[in-house]
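Under UniProt numbering, the first residue of the sequence shown is numbered 1, with each subsequent residue one higher.
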Amino acid sequence: MRAGRLHSLGLQADGTVWAWGYNKYGQLGNNTTTNRLVPVKVTGLTGVVVDIAAGNEHSLAVKADGTVWAWGLNDQGQLGDNTTTQRLKPVKVMGLTDVKAVAAGQLYSLALKNDGTVWAWGENANGKLGDGTRVRKLKPVQVAGLTNVAGLAAGYSHSLAFKTDGTVWGWGYNSSGQLGDGTNTYERLTPVQTSGLTGVVALSARSVNSYALKSDGTVWAWGLNFGGELGDGTTLHRLTPVQLPAFTSAVALGTGVGARLVATADGTVWSWGGNSRGELGDGTQTSHMTPAPVLALTGAVSLSSGQEHALAVKGNGSLWAWGGNLTGQLGDGFPEQYVSRTASLFTGAKSVAAGDFFSVGLKLDGTVWAWGRNEQGQLGDGTTQDHWAPAQVPGLTSVAAVAARDSYALALKTDGTVWAWGDNASGQLGDGTTVSRASPAVVPGLTDVTALAAGNGFVLALKSDGTVWAWGSNSSGTLGDGTTTSRATAQAVPGLTDVKAVAAGSTFAVALKTDGTGWTWGSNSYGQLGDGSTSNWPPRTTPGVVPGLADGSSVAAGDSHAVVLKTDGTVWAWGDNYRGQLGDGSGSTGRSPVQALGFTGGTAIAAGNSHTLALQSDGTVWAWGYNGNGQLGDGFTGDQLAPVQVPNIIDATALAAGGYHSLARRGSGAVWAWGDNGLGQLGTGNAGYRVVPYQVTPTP
Numbered sequence: 001m002r003a004g005r006l007h008s009l010g011l012q013a014d015g016t017v018w019a020w021g022y023n024k025y026g027q028l029g030n031n032t033t034t035n036r037l038v039p040v041k042v043t044g045l046t047g048v049v050v051d052i053a054a055g056n057e058h059s060l061a062v063k064a065d066g067t068v069w070a071w072g073l074n075d076q077g078q079l080g081d082n083t084t085t086q087r088l089k090p091v092k093v094m095g096l097t098d099v100k101a102v103a104a105g106q107l108y109s110l111a112l113k114n115d116g117t118v119w120a121w122g123e124n125a126n127g128k129l130g131d132g133t134r135v136r137k138l139k140p141v142q143v144a145g146l147t148n149v150a151g152l153a154a155g156y157s158h159s160l161a162f163k164t165d166g167t168v169w170g171w172g173y174n175s176s177g178q179l180g181d182g183t184n185t186y187e188r189l190t191p192v193q194t195s196g197l198t199g200v201v202a203l204s205a206r207s208v209n210s211y212a213l214k215s216d217g218t219v220w221a222w223g224l225n226f227g228g229e230l231g232d233g234t235t236l237h238r239l240t241p242v243q244l245p246a247f248t249s250a251v252a253l254g255t256g257v258g259a260r261l262v263a264t265a266d267g268t269v270w271s272w273g274g275n276s277r278g279e280l281g282d283g284t285q286t287s288h289m290t291p292a293p294v295l296a297l298t299g300a301v302s303l304s305s306g307q308e309h310a311l312a313v314k315g316n317g318s319l320w321a322w323g324g325n326l327t328g329q330l331g332d333g334f335p336e337q338y339v340s341r342t343a344s345l346f347t348g349a350k351s352v353a354a355g356d357f358f359s360v361g362l363k364l365d366g367t368v369w370a371w372g373r374n375e376q377g378q379l380g381d382g383t384t385q386d387h388w389a390p391a392q393v394p395g396l397t398s399v400a401a402v403a404a405r406d407s408y409a410l411a412l413k414t415d416g417t418v419w420a421w422g423d424n425a426s427g428q429l430g431d432g433t434t435v436s437r438a439s440p441a442v443v444p445g446l447t448d449v450t451a452l453a454a455g456n457g458f459v460l461a462l463k464s465d466g467t468v469w470a471w472g473s474n475s476s477g478t479l480g481d482g483t484t485t486s487r488a489t490a491q492a493v494p495g496l497t498d499v500k501a502v503a504a505g506s507t508f509a510v511a512l513k514t515d516g517t518g519w520t521w522g523s524n525s526y527g528q529l530g531d532g533s534t535s536n537w538p539p540r541t542t543p544g545v546v547p548g549l550a551d552g553s554s555v556a557a558g559d560s561h562a563v564v565l566k567t568d569g570t571v572w573a574w575g576d577n578y579r580g581q582l583g584d585g586s587g588s589t590g591r592s593p594v595q596a597l598g599f600t601g602g603t604a605i606a607a608g609n610s611h612t613l614a615l616q617s618d619g620t621v622w623a624w625g626y627n628g629n630g631q632l633g634d635g636f637t638g639d640q641l642a643p644v645q646v647p648n649i650i651d652a653t654a655l656a657a658g659g660y661h662s663l664a665r666r667g668s669g670a671v672w673a674w675g676d677n678g679l680g681q682l683g684t685g686n687a688g689y690r691v692v693p694y695q696v697t698p699t700p
């Protein structure tokens, strides 16, 4: 990946190029000038791409056939097509073949051929094209006298190259000593050697300073140092390279124009420089003159920084971003500027659950973590303090499953006991009181429980013997006991046996029996009982069969709709459909079960207030229904009446849906989230909704 001034580029393993962020000049290459908050594929690049570069407002790509392609701003000929015409999609750079690498400066470009020669084009003030002139070039010219080159770097007005013998050469602007030749001669129109450097394997050129990585793991810097930009702990300008004392085992050097970045052999990423938008990734907006770790970002193999943001690719191929996001340059779908931070991953997840404005994660070690809103103590940490990133729920171990709804949460332990915390206004904590609690406590009298479902103020528990137990609010008959009297302790739902799965909506309940039939009770104003009617008074206070439903394997319930996954992998739903949450393409209330259009191969389902999620056997996630907060994760905020795929997730193993946000557990054990985030329920460490999935991070 590469960071331009306010845009970003990513090169995937399949040779495709993706772009996101600022696009006024077409630098994203998708034939538009519209900024993009999430990555879009660069159009018109056929064939495999092997290298990319991002300038201020233009972009470059090298194909496997050795040709170079360019797009974006072209006022100085930086696209190399012999014109000054802006290009919204890639055009071929004239006369260049056999190229293996490129670099992009502010208004110019460089290319390295397999024969070790360097070629340049675009703006040429101060001689940064290295051809002995100051005349701009609309197509490539060879850099004079430079051979056996192994790598390049392009700055604001100076250029660098290192040769196969490890020496460094520079040309262009030099008033601050950024060429490192021991002088501050104003400019060099052809390459001169940087003093005293050998064994160099990577370079980075900034506005008025330069950096080199040597094969022995040391990092060297030279040029202007007024604000400590060189990272040597001083403010002394350097006309020749000086070693940075912080590094003896560096393995990667950041490119770009913003934060200075270095990765070391132990997996740590280090940064220094300006930090007004959090681009140093240290959780602050305070600049610093010496290297400090980026918060718990480990294993980076490639680093790049733009004017206000930074990017890192890890060894597993994942892309990380932090810093300013005004034009969407972080690619996370968050549509405003904010300060991002990287942190250690929330990994090792077993399952997830979501309440209205908070989330709960269960790890493989049996511990429970929670984040988001906490005014009722629903995070279980003994306080009512909100958390913007996951924090462990104290005292809970050996947990097998979690559930959440509204402002309370539940945990099922491996010993079959149930624990509850949070809001208790309707007695949903099952402890015989209506007093809310900020720490987990056992629900008395319940053992051998195998599954839980949390409704709007009421709870269902499924026991190993196939009976269902209920407690909490009962004004709509949701406890299934033939009354509308609420109670704060658990009792069996009369006459309901052989149950294998349960789900709880806002004011209705669903049970699947072992024979695959569905049974419902409670409110029916939107047809959520699935009996062909919307008759709602009196409410149904005892379970009744859903006509025509068979072969159900699992069930989920939203606010006023129910969803069933059948054994054949199809998804069926009934109830409220105003937002398209039934997925049948109609938007009409479903009084009886209807099939979600075109969806097969399902393995799991989840339901939010008015949206539905489904997991396919190939690990992809699909969503439909209400999308006003981006909870469908498709990059937009428009409702969907039929299933659409959530992008960039191909290895999901579990799902959860909150009121207006969504969660997925991935194969690595990491949790990803999208949708409403006004109270931190996505666990990203920042406010604001996300229209595409974003990785959840715990409190460092």
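Yeah, the Cβ is synthetic: ideal placement off N, Cα and C, and Gly gets one too. Here the structure is a predicted model, which means the values were calculated and not measured.
- If you ignore the 5 residues before and after Asn275, its C-beta comes within less than 8 Å of the C-beta of Ala259, Asp282, Thr284, Gln285, Thr286, Ser287 and His288, all in its own chain and listed in chain order.
- A straight line joining the alpha-carbon of Gly630 with that of Val201 spans about 44 Å.
- Secondary structure note for Tyr173: its beta strand (DSSP E) is the uninterrupted segment Val168 to Tyr173.
- Ala125 sits in a helix when the DSSP states are folded into three classes.
- Looking at the backbone, the Cα of Gly72 and that of Gly105 are separated by about 13 Å.
- Exclusion of the five residues before and after Gly482 leaves Pro494, Thr541 and Thr542 as the residues of its chain whose Cβ lies within less than 8 Å of its Cβ.
- 8 Å or more divides the Cβ of Glu308 from the Cβ of Gly331.
- Taking 8 Å as the cut-off, the beta carbon of Thr478 is found no closer than this to the beta carbon of Gly445.
- Excluding five sequence positions before and after Asp423, the CB atoms of its chain that fall closer than 7 Å to its own CB belong to Gln376, Gln378, Asp406, Ser407, Tyr408 and Ser436, given in chain order.
- Taken through DSSP and simplified to helix, strand or coil, Leu152 comes out as strand.
- Ser523 is the residue among Lys500, Ser523 and Gly466 whose C-alpha sits nearest the C-alpha of Thr484.
- When Trp388, Asp676 and Gly583 are compared, the shortest CA-CA separation from Val644 is found for Gly583.
- Counting every other CB atom within 10 Å of its CB across the protein chains shown gives Asn30 a total of 16 or more, marking it as buried.
- Judged by DSSP in its simplified three-state form, Arg579 adopts coil rather than helix or strand.
- When C-alpha distances from Trp519 are compared across Leu549, Leu632 and Asn536, the shortest belongs to Leu549.
- Membership of Asn209 in the beta strand (DSSP E) is indicated by the continuous run Asn209 to Lys214.
- In the same chain as Val62, and ignoring 5 residues on each side of it, the C-beta atoms closer than 6 Å to its own belong to Val50, Asp51, Val68, Val99 and Val102, in chain order.
- Nearest neighbour of Gly472 by Cα position, chosen from Ala509, Lys463 and Gly299, turns out to be Ala509.
- In the three-state reduction of the DSSP assignment, Arg437 falls in the strand class, which pools E and B.
- Closest option to Thr290, judged by alpha-carbon separation, among Ser249, Thr43, Gly228 and Val257: Gly228.
- A direct Cα-to-Cα measurement between Phe162 and Leu213 gives close to 11 Å.
- Thr383 has its alpha-carbon roughly 36 Å from the corresponding atom of Pro647.
- Contact check for Val696 and Ala652: beta-carbon distance about 14 Å, past the 8 Å limit, so the pair fails to qualify.
- Taking C-beta atoms as the reference points, Gly675 and Arg665 fail to come closer than 8 Å.
- Straight across, the Cα-Cα distance linking Gly608 with Leu496 is about 26 Å.
- For His611, the uninterrupted beta strand (DSSP E) run begins and ends at His611 to Gln616, by DSSP.
- A straight line joining the alpha-carbon of Asp634 with that of Thr33 spans about 21 Å.
- With fewer than 16 other Cβ atoms from the protein chains shown falling within 10 Å of its own Cβ, Trp537 counts as exposed.
- In this structure Asp415 is exposed. Its beta-carbon is surrounded by fewer than 16 other beta-carbon atoms within 10 angstroms.
- Taking a contact to require three or more Cβ pairs closer than 8 Å, the region 87–97 and the region 14–31 qualify as touching.
- Residue pairing of Pro293 in beta bridges, as defined by DSSP: Trp270.
- Bridge partners of Asp515 according to DSSP: none are assigned.
- A residue is called buried when at least 16 other Cβ atoms come within 10 angstroms of its Cβ; Ser8 meets this threshold and is buried.
- Trp222 and Val242 do touch by the CB rule: their CB atoms are close to 7 Å apart, below 8 Å.
- DSSP places Gln640 inside the beta strand (DSSP E), whose first and last residues are Gln640 to Gln645.
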